[in-house]
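Step one of this worksheet: look at the structure below.
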Amino acid sequence: MDIKHTNVLLVEDDPAAGRLIRRILSKAGQNFRCSLRTAPTVSKALEQLRKRRFDNVLLDLGISGSKGLERVDRIRTTSPDVPIIVLTTTTDKDVQVEAIKRGADDYFIKPKVFCESLGEHIQYVIQRKKAIESLRRNCEHFRAIIENAPCAVVCISPEGHIQEFNACARRLWNKDIREVAGKSFLQTCVERGERFNVYVNLRKVLCGESVRSVSTTITNPDGASESLCWDFGPIRAKDGPISSVIAVVRRQKPAELQYDNGLSALRLAFNPRFDDAVENILASLSAILEKTEKLNSRANRATVKQSADNMQSAYCSEEQIPPHKSAAIERLVLSLITGRQDTKTT
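Be aware that the sequence shown starts at 75, since it is given in my numbering, and climbs by one per residue.
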C-alpha cells in the first residue's frame, strides 16, 4: 500500500513540547508518515505557509507575543484551505467554540495532545476537510449549471419558496435574486388564475412524480401575454426525502402552442372513455358544417355524411363524454374534415 507523507506545520514556542509532539507523530503507526516542520511564532509560521503547502497546522494558543484567538485569524487569512487543529490548555468551552467559528477545524486539550491518537486525529481532520471541500465544489458546480442553463430554472423548497432563480429566470420575470429569494413561487411566477393548477402539479412532484408540459401565461411590461411551458421534477438524495423541486420553463412559440393544443385535442378525442360521444357530436356536426360556405354544395354534404358515418362506426362505444368536452371535439372534427375538403378542392 502506497502511504502518502503528511506535511504538518507545528506552531509552538516551547521546544520541549515540540520535541515531544515530533516523537509522538513518528510513532503514530504504519499508516501514517509525517513530515513535521516547526515555527516558534505565528509570524514565522506565516512565512512558511507562503513558501510551501502544508496538509495540516497544529496551532498552540499559548504562544507568547500573540493575543488569543487572533492567531487563528492570521493563519486562516494566509491559508484559507489548510486544516487547523488548535492545541490549548483551557477547558473553557466558549474559547473552543470561538476557535471553531474563527476557522479552526478542531481542537485538542493538553495534555491529551501528548498521546498516540494524535496522528489518527490529524488524518481524520484532513480527510474531513477534503470531504467538505469536495462537497463545496460540487455545490458550486451545481449552481454554475443552474445559473448558466439556456432556459429559465427555478428551484423551489417543499414549502413553496424560491431557492434558486437563474439568469434566464431573472430576465424572463425582470426580477433580481434578492427580490425573489425566499418568496412564494406561486405568487411570484404564476398568474392568479393559474395557481391552483400549478399547485396541484407541485403536490404530485412532492409525492415523487415528474410533471411535464404545464402551461401558464406571463404578462410582459407592455401588457402583452406570452405562453410558458413548465417541466417539474423532484430533487432528492439517494433514498432520501425530497429536498427541492426543480422547475424548468421556456417560452412557447405560436406554432409550438398550436401543436400542443392540437395534440391535447387528439388525446381527448381518441380516449376510449369518450368514444361513444362521437355519435352525438356527429349528429350536430352536419348542422355546423352547413353554415360553412365551402361545404354548401350537395356533393360536399355527401362527403361530410360519408366521413361522419365512417367515424361514427369506428369510434362509437357504450361510454359517454362529459358535455363540457363536446365542444372541443366538435372543433377538432370540424378542422379535420374542412382541412380534408380544402385539400380536395385545391
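Backbone N, C-alpha and C fix where the C-beta goes; we use that ideal spot for every residue, glycine too. Quantities reported herein were computed from a predicted structural model and do not represent experimental measurements.
Next item on the list: Mind the definition here: the region 113-128 touches the region 81-90 only if three or more C-beta pairs lie below 8 Å; say whether that holds.
Entry: yes
Check: Do you know offhand how far Ile-95's Cα is from Ala-241's?
Finding: The residue you call residue 95 lines up with position 21 of the sequence shown. The residue you call residue 241 lines up with position 167 of the sequence shown. Going from the Cα of Ile-95 to the Cα of Ala-241 covers about 53 Å.
Margin query: Considering only the alpha carbon of each residue, which of Glu-268, Thr-162, Thr-163, Leu-132 lies closest to Arg-150?
Written below: Residue numbering aside, residue 150 sits at position 76 when the sequence shown is read from its first letter. Answer by Cα proximity: Leu-132.
Margin query: Can you check which of these residues, Trp-247, Cys-213, Asp-313, Lys-204, is closest to Pro-295 by C-alpha distance?
Written below: Start at 1 with the first residue of the sequence shown, and residue 295 comes out as number 221. The candidate whose alpha carbon is nearest that of Pro-295 is Trp-247.
Check: So, are the CB atoms of Ile-220 and Cys-229 less than 9 Å apart?
Finding: Position 146 of the sequence shown, counting from 1, holds the residue named residue 220. Position 155 of the sequence shown, counting from 1, holds the residue named residue 229. Cβ distance < 9 Å, so Ile-220 and Cys-229 count as in contact.
Check: Given Thr-152, which residues of its chain have a CB within under 7 Å of its CB, disregarding the five upstream and five downstream residues?
Finding: Walking along the sequence shown from the start, residue 152 turns up at place 78. Here the set comprises Leu-120, Leu-123, Arg-124.
Item checked: Span of the beta strand (DSSP E), counted from its first residue to its last, around Asn-130 -> Indexing the sequence shown from 1 puts residue 130 at position 56. Its beta strand (DSSP E) spans residues 130-134.
Check: Once you ignore the five residues that flank Val-227 on each side, which residues in its own chain have a CB closer than 6 Å to its CB?
Finding: For the purposes of this step, residue 227 is taken as the residue at position 153 of the sequence shown. Ile-220, Asn-240, Val-322.
Note to self: What does the Cβ neighbour count give for Leu-192, buried or exposed, with the cut at 16 atoms within 10 Å?
What the structure shows: Your numbering for residue 192 matches position 118 in the sequence shown. By the neighbour-count rule (16 or more Cβ atoms within 10 Å), Leu-192 is buried.
Check: For the alpha helix (DSSP H) that contains Phe-270, what are its first and last residues?
Finding: For the purposes of this step, residue 270 is identified with residue 196 of the sequence shown, where counting begins at 1. That run of the alpha helix (DSSP H) goes 269-280.
Note to self: For Gly-307, which residues in the same chain have their Cβ closer than 6 Å to its Cβ, ignoring the five residues on either side in sequence?
What the structure shows: Numbered from its first residue, the sequence shown carries residue 307 at position 233. Taken in chain order, the residues that qualify are Ser-284, Ile-320.
Check: Are there 16 or more other CB atoms within 10 angstroms of the CB of Glu-238, so buried, or fewer, so exposed?
Finding: Stepping through the sequence shown from its first residue, residue 238 is reached at position 164. Result: buried.
Next item on the list: Determine the closest residue to Ser-117 out of Ala-311, Thr-293, Arg-145, Arg-252, with distance taken between C-alpha atoms.
Entry: If you number the sequence shown from 1, residue 117 lands on position 43. For Ser-117, the nearest C-alpha among the options comes from Arg-145.
Next item on the list: Tell me whether Ala-91 sits in a helix, a strand or coil according to DSSP, three-state version.
Entry: As a first step, residue 91 must be located in the sequence shown, where it is residue number 17. If DSSP states are grouped into helix, strand and coil, Ala-91 belongs with the helices.
Check: Which same chain residues, not among the five before or five after Arg-176, have their C-beta less than 6 Å away from its C-beta?
Finding: As a first step, residue 176 must be located in the sequence shown, where it is residue number 102. Contacts found: Leu-143, Val-146, Asp-147.
Next item on the list: Determine the closest residue to Ile-316 out of Lys-167, Asn-130, Pro-232, with distance taken between C-alpha atoms.
Entry: The sequence position of residue 316 within the sequence shown is 242, counting from 1. Closest option to Ile-316, Cα to Cα, is Pro-232.
Next item on the list: State the start and end residues of the unbroken alpha helix (DSSP H) segment that holds Asp-147.
Entry: Working through the sequence shown from its first residue, we reach residue 147 at position 73. Asp-147 -> alpha helix (DSSP H) spans 144-152.
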